[in-house]
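Protein chains in written order, with our numbering: chain R, 930 to 1344; chain U, 68 to 214; chain F, 110 to 610. Quick notes on the structure that follows.
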Amino acid sequence: MKRLRRPLAAVLYVIFGAAVLLPSSKVSADDEFFDGKTITYIVATKPGGGYDTYGRLIAKYLEKHLPGARVIVKNVPGAGHIIGTNQLYHAKPDGLTIGSFNTGLIYAQLLKREGIRFDLRQMSWIGKAASEPRVLVVGIDSGIASIQDLQRAADPVRLASSGIGTSSHNETALLGHALGLNVKIIPGYGGTEGEMGIMRGEVAGTLGSYSSLRPFVDNGFGRMVLRVGGDSGAIGSVPTVRDLVSDNDGRAIAALIESQTELGRLTAGPPGIPSDRLALLRGAYEKALSDADLRQQANRLSIPIDPLFGEAVAANVGLALTQPPASVALLASVMNADAATTSVKADLLEVTAKGKRIRFHERGKTVVSKVSGSRTRVFIAGRADDRANLKKGMTCRIKYLAGGDNEARLIDCGD
Amino acid sequence: MTINGNAVISAIMLAIFSAMLIMAAGYPPEARFMPTIVGFAGAILSLVQLWRSLVSNRRVPRTETDRPGWHREVRLLGWFAGFLLAILGVGFLIAAPVMVVGFLVVDQRERPILAGALAAGCLAVLYLVFEVVLELSLYRGLVAQFL
Amino acid sequence: MSIETDIYLASLIALLGSPMLLALIVAAIPIGMFFGAVPGLGGKLGIALLIPFVFGMEPLHGAVFLVAMHAVVHTGGSIPSILFGIPGTGPDAATVVDGYPMAQKGQAGRALGASLGASGIGGVIGAMALALLLPVLRPVVLSFGPAEFFLLAILGVTFIAALSGDSLVKGLIVGCFGLVLATIGMDPMTGVARFTFGQLFLWEGIDVITAVLALFAIPEMIALGARGGSVSAVSKDIANYGLRDVIEGIFDVGRHWWLTLRTSIIGALVGVVPGLGGEAASWLCYGHAVQSSKTPERFGKGAVEGVIAPETANNSKEGGALLPTLFFGIPGSSGMVLLLGAFVTLGIQPGPQLILYHLDLVWTLVWALVLANVIAVAMFLGIARWVGLLVFVRGGLLVPLIFVFAITGSYLSSGNWKSLIVLFLLGFLGYGLKRFDWPRPPFVIGLVLGGIAEESLHKALAIWGPAFLLRPQSLILLSMVAASIVFYVWRRRTARNAHDD
């Protein structure tokens, strides 16, 4: 028995000692948690595009400012950034996986699109690298000189978008609704095809990021008639959405899109990264983006840098995603219903129930259309007005959802 | 073994076109337009070809379906599947050299030294060219994902 | 002498006189050929990965380097296509159809020579064509819109008939299969995910490289492995292999000069018009070669025209695509998107000012394109004979390596491991098609042109309604489509009559 006790005691001492010592050694090592570790930076696109360029640049400087760490870039393309974002969201939240993806996924989440297995609100936000103001550009020969021309157009003006479900399409539809534009969106113009379409004259304009459409405008092929986000110093005196919206719906839409323009080139990690490691990452990110060398490289690559860090980004994202249910419904109807609206110019045959119902002719048949107090936008003689002021005999451009009560989206009556 | 290959392929095509037609019926009009037209054309043509293959087979029994060497071809198909499964399982860097050696030694009865050399060369190219120089990460395998 | 002629010559002389620029071109060529030869990489990746390297260079140097690299990608891509039947890039798949059978007959050297010569001449003519088009560039480019893309795609689809070999029905079935697979993915026109079975990786459709590798490379390797022997069924001694063989191939390009000229111009035009895509050029020209030949039955079995036509188109389209990229600042192809980005980072601002203020730069790039193609021929000639010897290596040694690189190519091109499952399924199908003599090129045509056809059709309908067919350009193209069909029918009839006699 005696012979066993000594080794047993020794073992117990070792175990006890380890149990006491180890936790404290863990605490002090956390400051250098990343030392000797490899961080994977997921880019949700194939190599070579804008997100890849930003991602690789940021990864390189993160490595510089996280002593001892290695940062490697992993491309996870597919499904319009959704595959990469899904993977990022479900990665182990130990701080060793972070990544970048398109902010436009916010729309996808709001609309609960299939395939989405993430919740952007829960992500551990590290920072954002740039702003992406949007501009609406029309062809120089399109005959359109200002946004008002689009509001007062007699026939729908064709605008190009990348495709149904993309941010360009959603934002064009939202702006169309917010500003009462008479537009028909033609999807399928991916990448720079929209610009070619404008040059060929088959579409009059397109909405896109300022950075990508700027050469087109500078080369004299188009003019900007509207901007969202950005500032007049950099872009020039182009009216912004904020100046032009007058009601709550419009303001909500403007706020949503503007928040999108602020949050360009995000870097985030999966939900639940321990706060001390997240702080380290945020700190390194801030140092990386303030690094003069990075700024210089970015300049040479012609990629603008306009950063925002940590909490501020989280707040911004939360704001964009916390839309009141009415707004979400509005968004859903605008983005989905755009294809189904019919546009017609007609005289009001009858206005009943204080403007809640109107009757007019459309291509030989009579249509009775419901006018909603909240969802239908009414303009009389160029100014936003109340449906109660609609009168029989007015000549109006009416945009409505065919079927059911034929609810009107827009009624724009002349003098 | 006599397989009427033409008939089998026609039948597979017919099945695929029919399945796609059924799925397309559930899509909105603009989305189902092209799949429906092409699927329909394909299905009809497959039916025609199926008929032709069966009829002509009855008239003139095809002896060339017993083309010598089809056993070897099926074996090769098996190896192809093996390569894919291995790469899917443990990733390029492990599966590639292993399968190269495996194929050369087992199927081709090569000398192990030559097989080993080729496998090593293959691994070197994969690693140096893709991972190191181009910085493109090659798949690590499903096993690695679950660990 | 007018001012313009001075600029042409001046920039050429400046280019030839600058050792630095020449060195850059010479350095760029093997890199470009490498990215073309390794399946799954491609010119776009080459540009993306080289951008960091050209950073420090002067704008002209960097631009010349990138243009030269990109110009010879398809020249490199034809090498594995001919030697092993694996297309190095998507557009090189058309070269496989006749190039690989030539290698099997022991004529690999000749095929390589033909491909080399065709690429070189195609690149030169493409560049020249774009230079000549300069004054009328704008109206030409702008006259091609969705309506025209749709009809061009349909024209390409009619070539399926010509490429069906003996059985029209089988060819049409395979073509329809390609067309239907092209609809897989997230449809931008309606936002509906078609035939994706809930798989996100299919939202962008079936990866073309994966499909092409599965249908061409895999079945050939299975056949090679089972058959034993080497790629070339003819032994080395009989084949009389050597440099002479390669040069013979280059002369073939001269022998078929009229075809070479036509396909170069068609390729350049397809390149000038943004929106058609790289694969369209090579397949349209291949189909054209088959249709215009007096003996179309030779195609698919090792007809040298089947190598010349797509290879000229592959290189001439690059010259064509460079134009709208430089002058409008609007990329003519997806590779050009990256090139454009690279130009911007180098400080070159593409757009109409280039013609006004920097015409010399434009001409230098054009000449760089020409020189790269020409020098590539010279450089490759040196090693062609040794590269060509690979077809005499025992097939059993090649097969496992090619399996590995084909699978790698599919993975790299699609970026997702699930594509390997697609590779698997289509590979089996491809083997079945080959085994029972079903034609495979119609599948690729359907897959490649189906997307363009459908999207353009819907756009054209949305913009003009069905009346889009009545526009003058549309009517011209419609008549070409009709002519293509009539031609085919007439051909079959005369062949049948000749057969019956």
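Positions of the beta carbon are idealized from the N, C-alpha and C atoms, including for glycine.
Distance from the CA atom of Asp296 of chain F to the CA atom of Lys1285 of chain R, rounded to whole angstroms, is 38 Å. With respect to chain U, the C-beta atom of Lys1003 of chain R has a partner C-beta closer than 8 Å.
Among the bridge pairs identified by DSSP, Leu1195 of chain R is matched with R:Lys1057.
Here the region 1152-1164 of chain R lies against the region 1178-1193 of chain R, with 3 or more beta-carbon pairs under 8 Å apart. Those residues of the region 547-574 of chain F placed with their C-beta closer than 7 Å to a C-beta in chain U are Trp547, Glu563 and His567, ordered along the chain. In this structure, Val1066 of chain R and Phe1145 of chain R form a Cβ contact; the two beta carbons are roughly 6 Å apart against a cut-off of 8 Å. Residue pairing of Ala1337 of chain R in beta bridges, as defined by DSSP: R:Tyr1329.
Counting C-beta pairs closer than 8 Å gives three or more between the region 1138-1152 of chain R and the region 434-446 of chain F, which meets the contact rule.
Under the three-state reduction of DSSP, His467 of chain F is assigned to coil, being neither helix nor strand. Arg178 of chain U and Phe170 of chain U have their alpha carbons spaced roughly 11 Å apart.
The beta carbon of Ile374 of chain F lies closer than 8 Å to those of Ile234, Ala238 and Ser425 in the same chain, with the five residues before and after it left out.
Gly1009, Ile1011, Ile1012 and Asn1015: these are the residues of the region 1009-1022 of chain R whose beta carbon lies less than 9 Å from some beta carbon of chain F, given in chain order.
According to DSSP, Phe1238 of chain R shares a beta bridge with R:Gly1056. For the set F:Leu584, F:Ser522 and F:Leu480, the Cα lying nearest the Cα of Leu131 of chain F is the one of F:Leu480. Contact with chain U is found for Pro509 of chain F, since one of that chain's Cβ atoms lies less than 8 Å from the residue's Cβ. Here Arg549 of chain F is near Phe325 of chain F, since their CB atoms are less than 8 Å apart.
The C-beta distance from Arg1194 of chain R to Lys1274 of chain R rounds to 44 Å, too long to meet the 8 Å contact threshold.
Within chain F, the residues placing a beta-carbon under 8 Å from that of Ile76 of chain U are Gly541, Leu542, Phe545 and Trp547, ordered along the chain. Bridge pairing for Ile971 of chain R: R:Lys1003 and R:Gly1028 [DSSP]. The beta carbon of Trp146 of chain U sits closer than 6 Å to those of Phe170, all from its chain and outside the five residues before and after it, given in chain order. If you check the CB distance, Met1323 of chain R and Ala1197 of chain R do not come in under 8 Å. Val1067 of chain R: member of the beta strand (DSSP E) spanning Arg1063 to Gly1068, first to last residue.
The beta carbon of Lys1321 of chain R is closer than 8 Å to those of Leu1277, Leu1278, Glu1279 and Val1280 in its chain, skipping five residues each way along the sequence. At a Cβ-Cβ threshold of 8 Å, Thr184 of chain F and Met142 of chain F count as neighbours. Proximity of chain F to Asn124 of chain U at the Cβ level (cut-off 7 Å) is not reached, the minimal Cβ distance being about 12 Å.
Across the structure, Ile971 of chain R and Ser1298 of chain R are spaced so that their CA atoms are roughly 50 Å apart.
The beta carbon of Ser1091 of chain R sits closer than 8 Å to some beta carbon of chain F. By the beta-carbon neighbour count (other beta carbons within 10 angstroms, threshold 16), Gln1080 of chain R is buried.
With contacts defined by Cβ atoms closer than 8 Å, Ala291 of chain F and Gly541 of chain F do not form a contacting pair. Leaving aside the five residues that flank Leu558 of chain F on each side, the residues in its chain whose CB is nearer than 7 Å to its CB run, in chain order, Ala262, Gly265, Val266 and Ala389.
Proximity to Ser1166 of chain R across R:Leu1339, R:Asn1177 and R:Arg1152 peaks at R:Arg1152, based on C-alpha coordinates. Cβ neighbours of Pro1085 of chain R within its own chain (closer than 8 Å, five residues either side excluded): Asn1111, Val1112, Lys1113 and Ser1272. For Gly156 of chain U, DSSP records no beta bridge to any residue. With a contact defined as Cβ atoms closer than 8 Å, Pro95 of chain U and Val301 of chain F qualify at about 6 Å. Taking 8 Å as the threshold, the shortest C-beta distance from Val355 of chain F to chain U does not fall below it.
Residue environment: Phe501 of chain F is assigned as buried (16 or more neighbouring CB atoms within 10 Å of its CB, all protein chains considered).
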